[in-house]
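Chains as they are written, first to last, in our numbering: chain A, 1 to 118; chain B, 119 to 227.
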C-alpha cells in the first residue's frame, strides 16, 4: 500500500542552524501539508502546498520557514535558523485531490521527523 | 479551535467493542466527519470518514446521527494495538485538519 515517507526520522541540530526535513508524498497525490506536534501538545497545521505554491499557512509558519517541491517526488520543509521552541515532531501529509471543494480528500500522514534543537 | 468535543479518555476490555463518541453540533452541511488515531508519537493514521450515512471499513464503523450533530466510532473487537489517541475532525474541501485533544483509548487485557 502506498505511504508517505519522511527522512530523517530524527534530526538533532544546534540553535541557529538551518535544517531541511524531507518528505516523499504518495505518488499520485497533488496536495501536500506540513504539521507539527510539540511534545505533549496537539498536532498543529503549518502549511499546505498545491500546484507549486503555498495554498494556506498558519501563524506558526513565519519567515523562518519555507517549503519546496524541488523535483517530482520530494516535498521539503526548511527552517532557516532553528530556535529551541522548534523542537517537535514534524509530520508531512498528502492528499489525492480528486474532489473539488466542498467535497474533501483524505490526508495521509507520514511517520514524522523528530527535530531536537539544542 | 477544534469544532468537536470528545471525552478525554476511555477504557475498553480487549476483545470487546470500543465505542468512541464525538459531538459536532455546529457541523455544516458540506463538512465530513473524519476519524484519525495516533499511536504514541507516530503520524496520525486515517481510520474512516463519512458525510451522512453510516460507514464501515476493515478498521472500524462510523455511526452518524440523523441530525449529524454527533457520531460514534466503533472498533468492533478492540486489541491492545488499538490503544491510541483518537481524533474526531470535521472538514470540507482540502482545508487543514484541526486536531483537538482527542480521546485516549486504553485497551486493557
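Backbone N, C-alpha and C define an ideal beta-carbon position, used for all residues, glycine too.
(message) At 3 residues or longer, what runs of the beta strand (DSSP E) sit wholly inside the segment 171 to 209 of chain B?
(response) DSSP runs (the beta strand (DSSP E)) wholly in the segment 171 to 209 of chain B: 179 to 182, 188 to 193, 202 to 209.
(message) Does residue 169/B come out as helix, strand or coil in the three-state DSSP assignment?
(response) Note: residue 169/B maps to coil in three-state DSSP.
(message) Please classify residue 161/B as buried or exposed, where buried requires at least 16 other C-beta atoms within 10 Å of its C-beta.
(response) It counts as buried.
(message) With three or more beta-carbon pairs closer than 8 Å as the criterion, would you say the segment 50 to 60 of chain A touches the segment 140 to 147 of chain B?
(response) No, the segment 50 to 60 of chain A does not touch the segment 140 to 147 of chain B.
(request) Under 8 Å by Cβ, that's how I've got residue 112/A and residue 159/B pegged, so tell me the actual separation to the nearest angstrom. (result) About 7 Å separates the Cβ atoms of residue 112/A and residue 159/B, confirming a contact at the 8 Å cut-off.
(request) Please state if the CB of residue 107/A and the CB of residue 88/A are separated by a distance shorter than 8 Å. (result) No, the pair does not count as a contact, with Cβ atoms beyond the cut-off.
(message) Let me see if you follow: with CB-CB separation under 8 Å, is residue 212/B close to chain A or not?
(response) Between residue 212/B and chain A, the shortest Cβ-Cβ separation is below 8 Å.
(message) In this structure, how does DSSP classify residue 56/A when only helix, strand and coil are distinguished?
(response) Residue state, collapsed to three classes: strand.
(request) Please list the partners that residue 107/A has in chain B, where partner means a Cβ-to-Cβ separation under 7 Å. (result) What residue 107/A touches in chain B: 215.
(request) Could you tell me if residue 174/B is buried or exposed, where buried requires 16 or more neighbouring beta carbons within 10 angstroms of its beta carbon? (result) Note on residue 174/B: under 16 other CB atoms within 10 angstroms of its CB, so exposed under the neighbour-count rule.
(message) What residue range does the beta strand (DSSP E) around residue 139/B cover?
(response) Where residue 139/B is concerned, the enclosing beta strand (DSSP E) stretches over 136 to 141.
(message) Let's test the definition: count the other Cβ atoms within 10 Å of the Cβ of residue 189/B and tell me whether it reaches 16, buried, or not, exposed.
(response) By the 10 Å Cβ count, residue 189/B comes out buried.
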